[in-house]
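If you're matching them up, the sequences are chains A and B in order.
Note that the first sequence covers residues 1 to 327 in the numbering used here.
Note that the second sequence covers residues 1001 to 1257 in the numbering used here.
We treat Cβ as the ideally placed atom computed from N, Cα and C, and that holds for glycine.
Please read all numbers here as calculations on a predicted model, not as lab measurements.
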Amino acid sequence: MKNRQVTRRKFMQRTTAGLAMAGAASRAGSAFEAAQSPHPSQSASVPTSAHGVPIAEVGTWLKSYRIWDVHTHLNRFAGATTEEKVDDCLRWADHMRVERMLLLTAASGGRDPDAEGLRKMNDECVKAVKRAPDRFFGCAFMNPDYGQACLDEMNRCVRDGPLVGIKFEFDTIRLASSPEMDPIISRIGELHGVVMHHTFIQTTGSFRGESSPKEMAILARRHPSVTIFCGHTGGTWELGIRQMRGVPNLYSDLSGSDSVSGFTEMAVRELGPEQVLYGSDIWGRSFASQISKVLGANIPDSARHLILGGNMRRLMEPVMKARGMKI
Amino acid sequence: MIDTNVDLFQWPFRRIEGDDPASLVANLRKKGVTQAWAGSFEGLLYRDMAGVNARLAAAARQHGPNFLIPFGSINPKLPDWQEDVRRCVEVHKMPGIRLHPNYHGYTLDDPAAGELLALAGSKNLLVQIAISMEDIRTQSPLMIIHPVDPGPLSDIVKSAPNLRIELLNAGYHGGVNTQHIEDIKKLDNIYFDFACLESVGGVSRLVDQISPKRVLFGSHYPFFYFESSYLKVYEARLPADQTQAILESNARALLGR
């Protein structure tokens, strides 16, 4: 709780400073309005418009936010090889001015990949990162039904390879709070890596092994020094955000759901802007719909900068330093 | 810019910024919208549809001529629904109607739907059919509403060539997986918005699959962030003339205003 209060205080200080520096009486409201008054970090070339940002100037507007995407997949991009999929993805990312992406899968491994399946998936992710190391961070895919294979893959792909984190989709039937997760999370902590974990609270019934933010909060409390991204914030975000409150190392990933008005506002209000991250869940989702959750939200522009990239840059710094990567 | 897919008043399950007409209009104007085709969230669940449509029409009048274009809700399962259509046309001078078959408990192969669509065609009404309103996975467990299957339209529209239909919110949650969707996409009198269309570059593929003349800008605002559909247009990387057509001229030609 204390950490959350500090975060909010910092947020208010930052917001106040941002307002003063920009000389704007009010920064909340649509990002179209925000685009009319430059953020302190922006150059004079940022588009301005009395009636929103014209289509032709959207690229410049997006670029000003220095977007980092916490949730991407290559599987369905055009191309016969992973390298071709990378190239296709980057064409779209360049257009949408997305600087860097956390790549979670480069190839599908089916519903329940075994040790060999994990190796194949992770080989493709490694290929993707090697193709564009300045644009992609990569995660090794995990399946806690195969605990030793997960540890082996972390050593192979993170300790000895170019990947910087791990990704979980579905867990064992006992979900993400189960003890079999602990050695995996502990190991990635030793490697200074990050964790992305899918969550979804489905009204129509969850899948086998599909966790919610509730299990993620329990897991994150057991591993307070590990940075854990709560994929999709549970999808049903009004429930998911409530389950995430008061866990300072558990971060809300806005990706992979409809651009429903109010999502980002509630996440910022309940968790603080430093605990909320933009993610797209491309290819299945668009960059557009997911970026809109931040640019369309009625939050200060300073918070938009944090969510779209500032937070990720801060959170990736330890693993980048540990890997000798340029920050 | 013409937004063909907005709703007035309050969503039943949460308060949303822009859920009062004055703020909705102010926000849309700031975003560069010059005209918005408006349905009513009240039309989803209310039974007094005449009252729903009267409030919608009054709100549209209050906010200036030709900015909010009201599309009255019609439920063909209500008694005397034909009188609601008459009032939309004769009293409120509405150019179109909006249907929510899934919220009103019928499918498009229901005889009532056929009767309603035939009547709409005879009165030259543009019919908007909302395929979905929200992700079924995130709905209230007390009210799970499946998306509308537009499949039956392939036969209905072929026998009513003058009927003009816009499908709203087809995409991620339904409306594109029906076995008839390829037939539907070929029909010249069916138009699509893309508020719920997903995947990278989705709008450019929609334009390729259908025609740049039958794709209309629709935001599903205020339920969705308006910027979602706007950024999809940017993401599509279309030629300037197609962008202009989607943002405005297609809608203007369809409605004649």
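For the alpha helix (DSSP H) containing residue i, name the first residue and the last one.
i	result
residue 204/A	No alpha helix (DSSP H) contains residue 204/A, which DSSP labels as neither H nor E.
residue 1139/B	That residue, residue 1139/B, is in no alpha helix (DSSP H); it is neither H nor E in DSSP.
residue 1230/B	1226-1236
residue 129/A	115-131
residue 68/A	Per DSSP, residue 68/A belongs to no alpha helix (DSSP H); it is in the beta strand (DSSP E), 67-73.
residue 147/A	147-154
residue 1243/B	1240-1244
residue 1249/B	Premise fails: residue 1249/B is in no alpha helix (DSSP H) and is neither H nor E.
residue 305/A	301-305
residue 1182/B	1181-1186
Please state the DSSP three-state secondary structure of residue i.
i	result
residue 1046/B	coil
residue 321/A	helix
residue 44/A	Here the model assigns residue 44/A a pLDDT of 39, short of 50, so the residue's position is not dependable and the matter cannot be decided.
residue 230/A	strand
residue 136/A	strand
residue 170/A	coil
residue 1198/B	coil
residue 8/A	Unreliable positioning characterises residue 8/A in this predicted model, as indicated by a pLDDT of 40, which lies under 50. A coordinate reading is not provided.
residue 291/A	helix
residue 96/A	coil
residue 223/A	coil
residue 263/A	helix
residue 1172/B	coil
residue 310/A	helix
residue 1163/B	coil
residue 22/A	Per-residue confidence for residue 22/A stands at a pLDDT of 32, beneath the threshold of 50, marking its modelled position as unreliable; no derived number is given.
residue 184/A	helix
residue 165/A	strand
residue 282/A	strand
residue 82/A	helix
residue 103/A	strand
residue 52/A	strand
residue 247/A	coil
residue 316/A	helix
Just checking my contact of residue i with residue j at CB under 8 Å: how many whole Å lie between their CB atoms?
i	j	result
residue 1131/B	residue 1169/B	5 Å
residue 1126/B	residue 1096/B	3 Å
residue 278/A	residue 299/A	The Cβ separation is near 12 Å, so there is no contact.
residue 1251/B	residue 1002/B	4 Å
residue 1166/B	residue 292/A	Contact doesn't hold; Cβ gap of about 22 Å is too wide.
residue 1148/B	residue 1119/B	Contact flag wrong, Cβ pair sits at about 19 Å.
residue 103/A	residue 74/A	6 Å
residue 55/A	residue 1233/B	6 Å
residue 1032/B	residue 52/A	4 Å
residue 1207/B	residue 1238/B	6 Å
Taking the Cβ atom as the reference point for each residue, do residue i and residue j lie within a distance shorter than 7 Å?
i	j	result
residue 252/A	residue 230/A	yes
residue 1053/B	residue 1193/B	no
residue 1196/B	residue 1218/B	no
residue 210/A	residue 241/A	no
residue 144/A	residue 172/A	yes
residue 1047/B	residue 1073/B	no
residue 237/A	residue 263/A	yes
residue 223/A	residue 185/A	yes
residue 261/A	residue 1222/B	yes
residue 99/A	residue 68/A	yes
residue 128/A	residue 141/A	no
residue 80/A	residue 118/A	no
residue 233/A	residue 315/A	no
residue 267/A	residue 247/A	no
residue 121/A	residue 107/A	yes
residue 59/A	residue 91/A	no
residue 296/A	residue 1106/B	no
residue 163/A	residue 187/A	no
Just curious, the beta strand (DSSP E) that residue i is in, first and last residue?
i	result
residue 962/B	What the structure shows of chain B is the stretch from 1001 to 1257, and residue 962/B is not part of that stretch, so it cannot be assessed.
residue 979/B	In the structure displayed, chain B extends from 1001 to 1257; residue 979/B sits before or after that span and is not available.
residue 370/A	Limits of chain A in this structure are 1 at one end and 327 at the other, which puts residue 370/A out of reach.
residue 252/A	250-253
residue 274/A	Taken as a continuous stretch (DSSP letters only), residue 274/A belongs to no beta strand (DSSP E), as it is neither H nor E.
residue 241/A	Run containing residue 241/A: none in the beta strand (DSSP E); it sits in the alpha helix (DSSP H), 237-244.
residue 1190/B	1190-1192
Practice item. Within the segment 1022-1101 of chain B, note down every full beta strand (DSSP E) run reaching 3 residues or more, in order along the chain. Key: 1035-1040, 1068-1073, 1096-1099
Point to revise | Sequence ranges, alpha helix (DSSP H) only - wholly within the segment 1102-1156 of chain B, length at least 4 | key: 1111-1122
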